[in-house]
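Novice: Here it is, the structure, as structure tokens.
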Amino acid sequence: MRRWLLVSALVCAWLWWRGGDHTSHDAEQQAAVLPDGFALLDGHRVVEVDRQGKQRKEHALTHDDELRLVGTAGGPVAGWVESKKLKLVHVATGKDSVWGKSARMLCQGTATNDERFAVGWLEADDTVWFVHGDTQRRSSELAAVGEPLSIATTDRKGWCGIASAKDLIALFWRDRDRLFIATCTRKKCSGLPASVALGREETLLGFGCVRDACLLAARDRSKPARLLYVTESGATKWTKPLATNVAEVSIVGAGDRAFAVGFVGEAGSEVVRVDRTGNIAPVWKGPSAKHAPALAWSRDQLLVGAGAPVVVGLPR
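All letters in the sequence shown, in the order written, are residues 490 to 805 by our numbering.
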């Protein structure tokens with residue numbers, strides 16, 4: 490189930506970023522938390538920056554299909570489905586490992602914060618698995634969840650999502666007009682997931698969590714997008730309109746009392762801070778883009794990926 494080998498397709502390279510034009514970006518980026526900084530996936534490049542946003546390293550990544558990026562104590566790790574297995578590759582060294590039995594699709598999102606990282610996937614039997622570990626602690630191999638969480642999806646396509654929830658991992662899946670959310674410790678997942686009302690016609694644009702609540706972004710065909718604050722019991726405490734015109738919204742928990750939300754609106758790309766009561770405050774603004782800014786939060790610092798990486802202060 491686990492093997493390590495050198496992947497020659499991963500090489501270190503210094504590319505054009507410093508001299509390029511970063512007024513806009515077309516590729517969807519991904520952000521991750523490292524023990525002493527952040528990592529940003531931009532096309533075939535993974536860039537490591539320190540906590541002030543200064544670039545430290547850059548790696549080339551030639552994988553063309555869908556993948557996920559997380560940060561570990563050993564550096565950034567990329568994961569994708571290959572030959573019905575989840576394959577994890579240490580970006581800097583090329584060492585890899587494989588997981589699962591008959592993987593068929595990645596979960597949307599990742600878990601990446603100061604405490605834990607995780608990549609999730611859907612198996613052929615419609616169970617959700619994830620591989621995980623401690624962000625700060627070095628170990629010889631990544632730890633896999635002991636018992637996969639069983640999920641009955643509505644059709645063969647299925648869907649799953651995964652996000653950080655402080656020291657927990659949050660798993661998401663949909664069934665008819667409900668969104669289910671389960672949380673997992675380092676050893677087990679909750680037996681009874683929360684159930685949130687979410688109509689079949691509604692598209693889930695994004696999600697992020699703190700330890701005992703999640704913030705969702707959703708939109709149906711006839712109404713504007715909205716934010717929903719959902720408690721661990723599944724109750725929706727409040728909703729707020731969100732003026733976005735793209736198909737995804739980035740949401741990450743910022744400590745235990747707030748969220749960072751990235752989206753693209755009529756005025757361009759934006760990041761706002763949303764607290765538990767629904768108060769919204771601006772954090773960052775940039776030019777319009779095809780995708781929402783990628784976000785990663787660590788100890789009152791927020792990485793914003795919208796072209797070149799930018800780090801801004803965001804208190805918890």
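From the three backbone atoms N, C-alpha and C, an ideal C-beta is built for every residue, glycine too. Note that the structure is a prediction, hence the values are computed from the model and not measured.
1. My assumption, with CB atoms under 8 Å, is that LEU668 sits in contact with VAL685. Please give the rounded CB distance.
2. Relative to the C-alpha of ALA521, which candidate in GLY802, ARG534, LEU784, TRP569 has its C-alpha closest?
3. Using C-beta distances below 6 Å, list every residue in its chain close to ARG689, excluding the 5 sequence neighbours before and after it, in chain order.
4. In the DSSP assignment, find the beta strand (DSSP E) that holds SER653 and state where it starts and stops.
5. Given this structure, state the Cα-to-Cα distance separating SER679 from THR672, to the nearest angstrom.
6. Would you mind giving the Cβ-Cβ distance between TRP569 and LEU530, rounded to the nearest angstrom? I have them listed as a contact below 8 Å.
7. Grouping DSSP H, G and I as helix and E and B as strand, with all else coil, what is GLU547?
8. Do ALA781 and SER739 have their C-beta atoms closer together than 9 Å?
9. Excluding sequence positions up to five away, which residues of its chain have a Cβ less than 7 Å from the Cβ of ARG710?
10. In angstroms with no decimal places, state the Cα-to-Cα distance between ALA562 and GLY622.
11. Nearest to ARG534 by CA position, among VAL580, CYS703, ARG540, is which residue?
12. Helix, strand or coil: how does DSSP classify ALA521 here?
13. For ASP585, does the three-state DSSP call read helix, strand or coil?
14. Hey, out of TRP648, GLU721, ASN602, whose CA is closest to GLY670's CA?
15. Use the C-beta contact count for ASP789: other C-beta atoms within 10 angstroms, 16 or more gives buried, fewer gives exposed.
16. Under a three-way DSSP split, which group does LYS729 fall into?
17. Verify the CB distance criterion: does HIS533 have a CB-CB separation below 9 Å to chain C?
18. Considering just the uninterrupted stretch of the beta strand (DSSP E) at LYS676, what are its terminal residues?
19. Should ALA732 be labelled buried (16 or more other beta-carbon atoms within 10 Å of its own) or exposed?
20. Could you tell me if SER572 is buried or exposed, where buried requires 16 or more neighbouring beta carbons within 10 angstroms of its beta carbon?
21. Which residue comes first and which comes last in the beta strand (DSSP E) that contains LEU556?
22. Going by the CB atoms, is the gap between GLU604 and PRO565 shorter than 9 Å?
23. What are the boundary residues of the beta strand (DSSP E) that includes LYS590?
24. With DSSP as the reference, label PRO782 as helix, strand or coil.
25. Whole angstroms is fine: what's the gap from VAL559's alpha carbon to PHE748's?
26. Please name the residue in ASN734, THR599, VAL620, ALA613 whose C-alpha comes closest to that of SER586.
Specialist: In short:
1. Along the sequence shown, read from residue 1 onward, the residue named residue 668 stands at position 179. Along the sequence shown, read from residue 1 onward, the residue named residue 685 stands at position 196. Their Cβ separation, rounded to whole angstroms, is 4 Å, which keeps LEU668 and VAL685 in contact under 8 Å.
2. Position 32 of the sequence shown, counted from the first residue, corresponds to residue 521. ALA521 has its Cα closest to that of LEU784, out of GLY802, ARG534, LEU784, TRP569.
3. Here residue 689 is taken as the residue at index 200 of the sequence shown, counted from 1. Answer for ARG689: ASP666, listed in chain order.
4. On the sequence shown, residue 653 is found 164 positions in, with the first residue counted as 1. Run containing SER653: 650-654, per the beta strand (DSSP E) assignment.
5. For this step, residue 679 is matched to residue 190 along the sequence shown. For this step, residue 672 is matched to residue 183 along the sequence shown. Cα to Cα, SER679 sits roughly 6 Å from THR672.
6. The residue you call residue 569 lines up with position 80 of the sequence shown. The residue you call residue 530 lines up with position 41 of the sequence shown. With a Cβ gap of about 12 Å, TRP569 and LEU530 do not count as contacting.
7. What you label residue 547 is simply residue 58 of the sequence shown in a count that begins at 1. Reduced to three states, the DSSP call for GLU547 is strand.
8. Locating residue 781 in the sequence shown gives position 292, counting from the first residue. Locating residue 739 in the sequence shown gives position 250, counting from the first residue. Yes, these two residues count as a Cβ contact at 9 Å.
9. Residue mapping note: residue 710 aligns to position 221 of the sequence shown, counting from 1. Excluding positions up to five away in sequence, the list reads GLU690.
10. In the sequence shown, counting from the first residue as 1, residue 562 sits at position 73. In the sequence shown, counting from the first residue as 1, residue 622 sits at position 133. Going from the Cα of ALA562 to the Cα of GLY622 covers about 9 Å.
11. For the purposes of this step, residue 534 is taken as the residue at position 45 of the sequence shown. For the residues VAL580, CYS703, ARG540, the minimum Cα distance to ARG534 belongs to VAL580.
12. Mapped onto the sequence shown, residue 521 falls at position 32. Note: ALA521 maps to strand in three-state DSSP.
13. Taking the sequence shown and counting its residues from 1, the one referred to as residue 585 is at position 96. Three-state DSSP puts ASP585 in a strand.
14. In the sequence shown, the residue the question calls residue 670 occupies position 181. For the record, residue 670 in the displayed sequence is Ile; it is not Gly. For ILE670, the nearest C-alpha among the options comes from GLU721.
15. Taking the sequence shown and counting its residues from 1, one reaches residue 789 at position 300. Counting Cβ neighbours within 10 Å, ASP789 comes out exposed, since fewer than 16 surround it.
16. Translated into positions along the sequence shown, residue 729 becomes position 240. Note: LYS729 maps to strand in three-state DSSP.
17. Protein chain content of the structure displayed is limited to a single chain, and chain C is not contained in it.
18. The sequence position of residue 676 within the sequence shown is 187, counting from 1. Premise fails: LYS676 is in no beta strand (DSSP E) and is neither H nor E.
19. Residue numbering aside, residue 732 sits at position 243 when the sequence shown is read from its first letter. ALA732 should be labelled exposed.
20. As a first step, residue 572 must be located in the sequence shown, where it is residue number 83. Label assigned to SER572: exposed.
21. Position 67 of the sequence shown holds residue 556. LEU556 -> no beta strand (DSSP E), and no H or E assigned at all.
22. Position 76 of the sequence shown holds residue 565. Position 115 of the sequence shown holds residue 604. Judged by their CB atoms, PRO565 and GLU604 are not nearer to each other than the 9 Å cut-off.
23. Taking the sequence shown and counting its residues from 1, the one referred to as residue 590 is at position 101. No beta strand (DSSP E) holds LYS590; DSSP gives it neither H nor E.
24. Walking along the sequence shown from the start, residue 782 turns up at place 293. Here PRO782 sits in coil by DSSP.
25. Numbered from its first residue, the sequence shown carries residue 559 at position 70. Numbered from its first residue, the sequence shown carries residue 748 at position 259. In a straight line, the C-alpha of VAL559 is about 19 Å away from that of PHE748.
26. Within the sequence shown, numbered from 1, the residue matching residue 586 stands at position 97. With distances taken between Cα atoms, SER586 lies closest to VAL620.
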